[in-house]
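A.B. asks: Pasting a structure below so you can have a look.
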Amino acid sequence: MYKRRLTFREVLFVSIALSDLLQALLGYTVEIVTTADGYWSFGTLACQLVGFVVTLLGLVSINHLALLALDRYMTVCHPRKTERIHKYRINAIFFALLGWLYALLWAVPPILGWSNYALESVKVRCSVNWKDESLAGKGYVICLFVFGFLTHIITLIFCYYKIHKTLVKLSESNPPLDDTGASPTPKLDPRAERTYSRMVFAMIFSFLIAWLPYAILSLWTTFSPTFQAPIVVELSSALLAKSSTVFNPIIYVFYYKNFRKELGRLCTDYCCGLDESEIMPTEGQEPDGQPEIT
Numbered sequence: 098m099y100k101r102r103l104t105f106r107e108v109l110f111v112s113i114a115l116s117d118l119l120q121a122l123l124g125y126t127v128e129i130v131t132t133a134d135g136y137w138s139f140g141t142l143a144c145q146l147v148g149f150v151v152t153l154l155g156l157v158s159i160n161h162l163a164l165l166a167l168d169r170y171m172t173v174c175h176p177r178k179t180e181r182i183h184k185y186r187i188n189a190i191f192f193a194l195l196g197w198l199y200a201l202l203w204a205v206p207p208i209l210g211w212s213n214y215a216l217e218s219v220k221v222r223c224s225v226n227w228k229d230e231s232l233a234g235k236g237y238v239i240c241l242f243v244f245g246f247l248t249h250i251i252t253l254i255f256c257y258y259k260i261h262k263t264l265v266k267l268s269e270s271n272p273p274l275d276d277t278g279a280s281p282t283p284k285l286d287p288r289a290e291r292t293y294s295r296m297v298f299a300m301i302f303s304f305l306i307a308w309l310p311y312a313i314l315s316l317w318t319t320f321s322p323t324f325q326a327p328i329v330v331e332l333s334s335a336l337l338a339k340s341s342t343v344f345n346p347i348i349y350v351f352y353y354k355n356f357r358k359e360l361g362r363l364c365t366d367y368c369c370g371l372d373e374s375e376i377m378p379t380e381g382q383e384p385d386g387q388p389e390i391t
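In the numbering used here, the protein residues as written are 98 to 391.
Encoded structure:
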């Protein structure tokens with residue numbers, strides 16, 4: 098089978114996919130068991146651990162979405178600078194690690210005593226203690242919301258505003274692609290970049306749809322101690338947030354042609370029993386490893 102190196106943005110995709118997988122395996126399987134039992138049965142230490150893991154991986158996901166948006170912004174608006182960054186895969190690994198380390202920065206404090214992880218009111222799930230009425234507890238929630246959510250939203254809005262403006266200018270100034278699919282410029286293909294940007298935007302939009310209700314409910318709980326959301330609202334907002342892990346693979350299949358082809362090859366190989374040597378390189382995949390987007 099023809100093998101190639103991952104591109105810069107594919108390294109980020111792999112990192113966010115790893116985060117989604119770990120959320121499903123380490124965080125949500127435990128919650129399925131406790132929800133079926135109707136109560137938390139794993140003890141205080143496990144509650145702290147699960148709360149930490151779910152918080153960490155949720156932050157990793159939104160960090161990577163911000164990084165992908167910044168990558169889109171740099172690629173579309175500053176292609177020459179981005180070309181130098183994309184030249185070395187170690188740069189992609191560095192940015193992916195940065196996303197994990199920044200998440201650790203905000204997930205670790207409750208373990209060290211700045212707020213804490215605790216059972217939510219439904220008694221089947223552990224997370225940040227939104228009901229902590231101490232000044233330190235409220236301070237942590239404010240910092241988590243501002244530096245782990247709000248700044249990312251501002252970054253995403255800025256990046257996609259600039260991307261949209263630049264792509265509109267490119268569409269107006271560049272002639273359309275010819276019949277062979279040749280790009281009007283060797284460095285930037287407006288059509289391909291527009292599709293990439295749509296894919297990343299779809300990932301961001303699905304994440305916000307999944308997590309925004311839970312974030313709003315959590316903030317409301319923090320600053321209105323007497324407020325008690327209906328159980329169905331609390332459970333549904335949490336389940337919607339958990340569903341974010343399944344959105345990205347669906348988006349990859351819809352937008353990413355190489356992802357669909359690789360899935361097809363895996364099914365052909367493992368389901369039909371073909372040897373890898375019988376599988377030809379993916380049509381449309383060039384030796385330089387540039388991915389194909391539709």
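Yeah, the Cβ is synthetic: ideal placement off N, Cα and C, and Gly gets one too.
1. Please go through the same chain and pick out, in chain order, the residues whose beta-carbon is closer than 6 Å to the beta-carbon of Q120, but skip the five residues on each side of it.
2. Are there 16 or more other CB atoms within 10 angstroms of the CB of D275, so buried, or fewer, so exposed?
3. Please classify T282: is it buried, with 16 or more other beta-carbons within 10 angstroms of its beta-carbon, or exposed?
4. So, F344 versus S303, is the Cβ gap smaller than 7 Å?
5. Taking the straight line between their C-alpha atoms, what separation do you get for P327 and S218?
6. Using a threshold of 7 Å, state whether the C-beta atoms of S39 and I347 are closer than that.
7. Where does S224 fall in DSSP's three states?
8. Decide if A233 is buried, meaning its Cβ has at least 16 other Cβ atoms within 10 Å, or exposed.
9. Flag this pair as yes or no: are the beta carbons of W220 and W137 separated by less than 7 Å?
10. Are the beta-carbon atoms belonging to H249 and I187 less than 7 Å from one another?
11. According to DSSP, is Q163 part of a helix, a strand, or is it coil?
12. Does DSSP put Y214 in a helix, in a strand, or in coil?
13. So which of I113, I313 and W308 has the shortest CA-CA distance to L194?
14. Just to confirm the assignment, what range does the alpha helix (DSSP H) spanning L119 have?
15. Spatial neighbours of T172 within its chain, please: C-beta separation below 6 Å, excluding the five flanking residues on both sides.
16. Can you name, in chain order, every residue of its own chain whose Cβ lies under 6 Å from the Cβ of G278, other than the five neighbours on each side?
17. For the candidate residues A204, R181 and T263, whose alpha-carbon lies nearest to that of F242?
18. Should K266 go down as buried or exposed, given a rule of 16 or more other Cβ atoms within 10 Å for buried?
19. With a CB to CB cut of under 8 Å and the five nearest residues on each side skipped, what residues in its chain are close to L216?
20. For R106, count the other beta carbons within 10 Å of its own beta carbon; 16 or more makes it buried, fewer makes it exposed. Which is it?
21. Could you check the C-alpha separation between A163 and G236 for me, to the nearest Å?
22. Candidates V147, K339 and A307: which alpha carbon is nearest N226's?
23. Three-state secondary structure (DSSP) at A279?
C.D. replies: Per the coordinate set shown:
1. As a first step, residue 120 must be located in the sequence shown, where it is residue number 23. Closer than 6 Å at the Cβ level, and outside the excluded window around Q120, lie L154 and T342.
2. Taking the first residue of the sequence shown as position 1, residue 275 is located at position 178. Its pLDDT being 42, under 50, D275 is placed unreliably by the model, and the measurement read from it follows with that caveat. With fewer than 16 other Cβ atoms within 10 Å, it is exposed.
3. For the purposes of this step, residue 282 is taken as the residue at position 185 of the sequence shown. Note on T282: pLDDT 43, under 50, position unreliable in the model; the coordinate value appears next. The residue in question, T282, is exposed, as its Cβ has fewer than 16 Cβ neighbours within 10 Å.
4. As a working mapping, residue 344 is identified with position 247 in the sequence shown. As a working mapping, residue 303 is identified with position 206 in the sequence shown. It is a contact, given that the beta carbons lie within the stated cut-off.
5. Within the sequence shown, numbered from 1, the residue matching residue 327 stands at position 230. Within the sequence shown, numbered from 1, the residue matching residue 218 stands at position 121. So the two alpha carbons sit approximately 10 Å from each other.
6. As displayed, the chain neither begins before 98 nor continues past 391, which places residue 39 out of reach and without an answer.
7. Indexing the sequence shown from 1 puts residue 224 at position 127. Here S224 sits in strand by DSSP.
8. Taking the sequence shown and counting its residues from 1, one reaches residue 233 at position 136. Flag for A233 reads exposed.
9. As a first step, residue 220 is located in the sequence shown; it is residue number 123 there, counting from the start. As a first step, residue 137 is located in the sequence shown; it is residue number 40 there, counting from the start. Sequence inspection shows Lys at residue 220; the Trp mentioned does not correspond to that position. Going by C-beta atoms, K220 is nearer than 7 Å to W137.
10. As a position in the sequence shown, residue 249 is number 152, starting the count at 1. As a position in the sequence shown, residue 187 is number 90, starting the count at 1. In this structure, I187 does not lie closer than 7 Å to H249 by Cβ.
11. Translated into the one-based positions of the sequence shown, residue 163 becomes position 66. In the sequence as displayed, the identity of residue 163 is Ala instead of Gln. Three-state DSSP puts A163 in a helix.
12. Walking along the sequence shown from the start, residue 214 turns up at place 117. Looking at Y214 - three-state DSSP - the assignment turns out to be strand.
13. By 1-based counting over the sequence shown, the position of residue 194 is 97. Selected option, being the one with the closest Cα: I113.
14. Counting from 1 along the sequence shown, the entry for residue 119 is found at position 22. Unbroken alpha helix (DSSP H) run through L119: F105 to L119.
15. Translated into positions along the sequence shown, residue 172 becomes position 75. Closer than 6 Å at the Cβ level, and outside the excluded window around T172, lie T179.
16. In the sequence shown, residue 278 corresponds to position 181, counting from 1. Note that G278 scores 48 on pLDDT, short of 50, meaning its location in the model is unreliable; the coordinates nonetheless yield the value given after this. Within the same chain, G278 has no close Cβ partners at all.
17. Sequence index remark: in the sequence shown, residue 242 carries index 145 (1-based). Checked all of A204, R181 and T263; the closest Cα to F242 is A204.
18. Against the sequence shown, residue 266 aligns to sequence position 169. So K266 counts as exposed.
19. Position 119 of the sequence shown, counted from the start, is the residue given in the question as residue 216. Same-chain partners within the cutoff: W137, C144, R222 and C223.
20. One-based indexing of the sequence shown puts residue 106 at position 9. Buried: at least 16 other Cβ atoms inside 10 Å.
21. Stepping through the sequence shown from its first residue, residue 163 is reached at position 66. Stepping through the sequence shown from its first residue, residue 236 is reached at position 139. A163 and G236: Cα-Cα distance of roughly 24 Å.
22. Position 129 of the sequence shown, counted from the start, is the residue given in the question as residue 226. Considering only alpha carbons, the answer is V147.
23. Working through the sequence shown from its first residue, we reach residue 279 at position 182. With a pLDDT of 46 at A279, under the threshold of 50, the predicted position of this residue should be treated as unreliable, and no value is reported.
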